[in-house]
Amino acid sequence: MDNSGTRNWNVLCWNVRGLNSTARQRAVREKIDESQCSIICLQETKCPSIDANFIRSWCPRRFDQFAYIPSMGASGGLITVWNSSIFEGVLIDSQQFGLIIKFISKLNAEVWTLVNVYGPCDQQRRDTFVQWLYNLHIPFDANWLLLGDFNFMR
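In terms of the working numbering, the sequence shown opens at residue 1084 and continues consecutively.
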């Protein structure tokens, strides 16, 4: 905790390029332990469905809440996982390319919003994605964190 009374939270963000192998799940678990994160944001899970048993197979037990978007075919998929003893999470929006979750700290009641993104590669869906980003209503005085794999090259 810093002098202002706020806490800095560690958020792990990773394009895992598939979470459906034991080796990748083990690597993700090791990175979670190493990062000491409070929230996990993974992109390109390549998982058509996710449930609590699947989360427990690769995630430390303290992570007990999640929101996800299934993959479409062999690519895509997003998941955000958090510890409910630290945060209350409220799913605000779920699109094929983004999860928006409002978090409320159980430590100090601080409210902030996280956007986990996996941007599409094809032009037509990318245009929809960019329009969605453009239309996000982010109040000037609100705390928001946008992260993920936007699939843009400069």
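Virtual Cβ for every residue (Gly too), placed ideally from N, Cα, C.
Which residue's Cα is closest to the Cα of residue i: the options?
| i | options | result |
| --- | --- | --- |
| C1239 | R1145, A1225, L1102 | The chain is shown from 1084 up to 1237; residue 1239 falls before or after that span and cannot be answered. |
| F1137 | S1104, G1231, D1210 | S1104 |
| I1183 | R1100, N1226, N1191 | N1226 |
| I1187 | Q1108, D1116, S1121 | S1121 |
| Q1126 | N1091, N1199, R1107, R1139 | N1199 |
| M1155 | L1095, D1224, R1208, P1222 | R1208 |
| V1111 | C1142, V1173, N1234 | C1142 |
| N1091 | A1157, R1109, Q1119, E1171 | Q1119 |
| T1057 | L1174, S1132, D1116, D1134 | Since the displayed the chain opens at 1084 and closes at 1237, residue 1057 lies outside it and no answer follows. |
| A1106 | P1153, D1210, C1096, S1140 | S1140 |
| L1219 | P1203, D1176, N1234 | D1176 |
| L1095 | P1222, F1223, D1116 | D1116 |
| S1158 | A1192, S1132, R1100 | R1100 |
| V1152 | F1223, D1210, S1167, S1132 | Per the sequence presented here, residue 1152 reads as Ile, with Val not at that position. Measuring from the Cα of I1152, the nearest candidate turns out to be S1132. |
| D1205 | G1172, I1221, D1224, F1235 | F1235 |
| D1224 | E1113, V1194, A1150 | V1194 |
Output yes or no for whether 8 Å exceeds the beta carbon distance between residue i and residue j.
| i | j | result |
| --- | --- | --- |
| Q1178 | W1165 | no |
| D1232 | N1093 | no |
| L1161 | Y1217 | no |
| I1169 | K1185 | no |
| F1180 | F1212 | yes |
| C1124 | L1229 | no |
Assuming residue i is part of the alpha helix (DSSP H), what are its boundary residues?
| i | result |
| --- | --- |
| V1111 | 1105 to 1118 |
Where do the ends of the beta strand (DSSP E) carrying residue i lie?
| i | result |
| --- | --- |
| W1097 | 1094 to 1098 |
| I1123 | 1122 to 1126 |
| D1232 | 1227 to 1232 |
For chain C, is any of its Cβ atoms less than 8 Å away from the one on residue i?
| i | result |
| --- | --- |
| F1212 | In the structure shown, chain C cannot be found, because there is only a single protein chain. |
Would you mind listing the beta strand (DSSP E) stretches within the region 1133 to 1205 that are 3+ residues and don't spill past its ends, in chain order? With a minimum length of 3 residues, the continuous beta strand (DSSP E) runs that stay inside the region 1133 to 1205 are 1148 to 1152, 1161 to 1165, 1170 to 1178, 1181 to 1188, 1194 to 1201.
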